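Colleague: Got a structure here, written out as structure tokens. Questions coming.
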Ligand SMILES: Cc1cc2nc3c(=O)[nH]c(=O)nc-3n(C[C@H](O)[C@H](O)[C@H](O)COP(=O)(O)OP(=O)(O)OC[C@H]3O[C@@H](n4cnc5c(N)ncnc54)[C@H](O)[C@@H]3O)c2cc1C
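In my numbering, the protein residues as written are 2 to 389.
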């Protein structure tokens, strides 16, 4: 294992950095750097810019229009993009349904759906969780009943991120209620404009409309929107979740937000001095920074192993836990920089809006829950890494 980048990788980093500097629209950069949330327009515009450069799908093979980069180059790209103030690329198409279609989809499905993902023509969302099935995903109850040339689907999905913009949703549905719970599940693709689909917002702690409930009332889909074989959905879901957890440490994102915390601490005065000069505050920043450096090295170890073995394996659970914890600690530092001013609220029309630092802090409570909660990740480490 070599923790240093090769000269070629350093040259690649320079190329990515130059591109980010010239291609990033200033309004997008300013939005992200001020701690505001990227909206749909920012995300689609940035995705189209990357696509035009040929960098729309950095985790895909060249065969399907991807860059064919190895995990190290993907990591360098992600880090430089985050540091340059780029919005995160939407993972649901690029990192979730696309790898599934490449491995389990029919040729017709690949040709129909894959090209429209990096070009941002189709916006995908993930319909896995249900009110009664989160960590215990195999307990899902949305059912699909086969009727001649269609499936008729009814049930409810929840926490569906950005479903309000989605053209398509990939869903896990129960096709065999008699089978053992993991064995009666299928993976289907559903057009969000289908009759019987209703999307209702769930407003998060920070007041943002980021997640939704999706109700499916006798929604009909043609049989060719089943991916893989009927009742193979659990195998497909496990494959998808492995891809969901790649780049989970969020090194670039953490570095960018830590830099923001430090910038704020230099600007803001406490007792007539910059907060950055307060030894207690400076010690807490240093602690987070040391943990972030350790995380970066661990991430390099996992990437080096993944490059050799082809898959990152259960060590990604460790990256998920540490990456999300560091991210939350940075959000606490940013909140503290603002002090009492972070408590201010503004009434905009009929909606209250929070100070951006408070909104960021509250929004980040989610990172230890989604993508498999941190408790579930600890269970994976105990079983598959420590073999307890
Ligand atoms: C902001 C946000 C966005 C999301 N986006 C999506 C999305 O787009 N699509 C989608 O399908 N889902 C999405 N999710 C859902 C997410 O995957 C689930 O919230 C997560 O899997 C946890 O499930 P749950 O909420 O039902 O909690 P539960 O599974 O009920 O867990 C409740 C608590 O019990 C703990 N727990 C549960 N089982 C165990 C165990 N075996 N051992 C130890 N502790 C345990 C959990 O860690 C948690 O603390 C999102 C969630 C959030 C918060």
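Where a beta carbon is used, it is the ideal one built from N, C-alpha and C, also for glycine.
Note that the structure is predicted; figures quoted are calculated from it, not measured.
So what does residue 126 bridge to, in DSSP terms?
Modeller: DSSP, once it has assigned bridges, lists 170 as partnering residue 126.
Colleague: Measure the CB-CB distance between residue 374 and residue 135 and report whether it falls below 9 Å.
Modeller: In contact: residue 374 and residue 135 (Cβ atoms closer than 9 Å).
Colleague: Check whether the Cβ atoms of residue 289 and residue 261 sit closer than 9 Å, and answer yes or no.
Modeller: For residue 289 and residue 261, no; Cβs fall outside 9 Å.
Colleague: Hey, out of 82, 252 and 186, whose CA is closest to residue 24's CA?
Modeller: The option with the nearest alpha carbon to residue 24 is 82.
Colleague: Any chance the stretch 165 to 172 sits against the stretch 183 to 195, with 3 or more Cβ pairs inside 8 Å?
Modeller: A contact exists between the stretch 165 to 172 and the stretch 183 to 195.
Colleague: Could you tell me the alpha carbon to alpha carbon distance between residue 297 and residue 80, rounded to whole angstroms?
Modeller: Between residue 297 and residue 80, the C-alpha separation is close to 11 Å.
Colleague: Ligand 1 heavy atoms versus the CB of residue 127: any closer than 8 Å?
Modeller: Indeed, a heavy atom of ligand 1 lies less than 8 Å from the Cβ.
Colleague: If you scan the stretch 100 to 153 from start to end, which runs of the alpha helix (DSSP H) of 4 or more residues do you find wholly inside it?
Modeller: Taking only runs of at least 4 residues, the alpha helix (DSSP H) segments lying wholly in the stretch 100 to 153 are 108 to 114.
Colleague: Count Cβ pairs between the stretch 240 to 254 and the stretch 97 to 105 that sit closer than 8 Å; are there 3 or more?
Modeller: Yes, the stretch 240 to 254 touches the stretch 97 to 105.
Colleague: From 160, 151 and 27, pick the residue whose C-alpha is nearest to that of residue 393; which is it?
Modeller: Residue 393 falls outside the range modelled here, since the chain spans only 2 to 389, and no answer is possible.
Colleague: For residue 9 and residue 16, what's the separation of their Cα atoms in angstroms?
Modeller: Cα-Cα distance, rounded: 11 Å.
Colleague: To the nearest whole angstrom, what separates the beta carbons of residue 29 and residue 88, a pair I think is in contact under 8 Å?
Modeller: Contact holds; Cβ gap of about 6 Å.
Colleague: Judging by CA-CA distance, which residue of 38, 48 and 213 is the nearest neighbour of residue 95?
Modeller: Measuring from the Cα of residue 95, the nearest candidate turns out to be 48.
Colleague: Residue 291: buried (16+ other C-beta within 10 angstroms of its C-beta) or exposed?
Modeller: Answer is exposed; the Cβ neighbour count stays below 16.
Colleague: Given 8 Å as the limit, tell me if residue 243 has its C-beta closer than that to any heavy atom belonging to ligand 1.
Modeller: Outside the cutoff, so no.
Colleague: May I ask which residues mark the beginning and end of the beta strand (DSSP E) holding residue 201?
Modeller: Taken as a continuous stretch (DSSP letters only), the beta strand (DSSP E) holding residue 201 covers 198 to 204.
Colleague: Under 7 Å Cβ to Cβ from residue 41, same chain only, skipping five residues before and after it: list those, please.
Modeller: Taken in chain order, the residues that qualify are 166.
Colleague: Are the Cβ atoms of residue 34 and residue 257 separated by less than 9 Å?
Modeller: Contact flag set, yes.
Colleague: If you follow the alpha helix (DSSP H) that residue 254 is part of, which residue opens it and which one closes it?
Modeller: Counting along the chain, the alpha helix (DSSP H) containing residue 254 begins and ends at 252 to 268.
Colleague: Quick check: does the Cβ of residue 134 come within less than 8 Å of any heavy atom belonging to ligand 1?
Modeller: Yes, the Cβ of residue 134 comes within 8 Å of a heavy atom of ligand 1.
Colleague: Once you ignore the five residues that flank residue 110 on each side, which residues in its own chain have a CB closer than 6 Å to its CB?
Modeller: Only 102 meet the Cβ criterion.
Colleague: Measuring only from the beta carbon, is residue 50 closer than 8 Å to any heavy atom that is part of ligand 1?
Modeller: Residue 50: no, Cβ never under 8 Å from ligand 1.
Colleague: Have a look at 211, 207 and 271 and flag the residue whose alpha-carbon is nearest the alpha-carbon of residue 347.
Modeller: Residue 207 is the option with its Cα nearest to residue 347.
Colleague: Are the Cβ atoms of residue 143 and residue 158 separated by less than 9 Å?
Modeller: Their beta carbons are under 9 Å apart, which means residue 143 touches residue 158 by this criterion.
Colleague: Distance, Cα to Cα, residue 365 vs residue 64?
Modeller: Roughly 37 Å between the two C-alpha positions.
Colleague: For residue 255 and residue 108, I'd like the C-alpha separation in whole angstroms.
Modeller: About 39 Å.
Colleague: What residue from 305, 323 and 153 has the CA that sits closest to residue 218's CA?
Modeller: Looking at the Cα atoms, 153 is the closest of the given residues.
Colleague: Between residue 124 and residue 97, what straight-line distance do the alpha-carbon atoms span, to the nearest angstrom?
Modeller: Spanning the two alpha carbons is a distance of roughly 12 Å.
Colleague: Considering only the alpha carbon of each residue, which of 224, 231 and 146 lies closest to residue 184?
Modeller: Ranking 224, 231 and 146 by Cα distance to residue 184 puts 231 first.
Colleague: For the stretch 174 to 244, which segments carrying the beta strand (DSSP E) assignment without a break, of at least 3 residues, lie completely within its bounds, in sequence order?
Modeller: Segments of the beta strand (DSSP E) lying fully in the stretch 174 to 244: 186 to 192, 198 to 204 and 210 to 223.
Colleague: Ligand 1 heavy atoms versus the CB of residue 124: any closer than 8 Å?
Modeller: Answer for residue 124: no, Cβ out of range of ligand 1.
Colleague: Measure the beta-carbon distance from residue 357 to residue 11 and round it to whole angstroms, keeping in mind my assumption that it falls under 8 Å.
Modeller: With 8 Å as the limit, residue 357 and residue 11 do not qualify as a contact, their Cβ atoms being about 35 Å apart.
Colleague: Sorry if obvious, but does the Cβ on residue 160 come closer than 8 Å to a heavy atom of ligand 1?
Modeller: Residue 160 Cβ: within cutoff of ligand 1.
Colleague: Using only alpha-carbon positions, find the residue among 332, 350, 368 and 58 that is nearest to residue 362.
Modeller: It is 332 whose Cα lies nearest to the Cα of residue 362.
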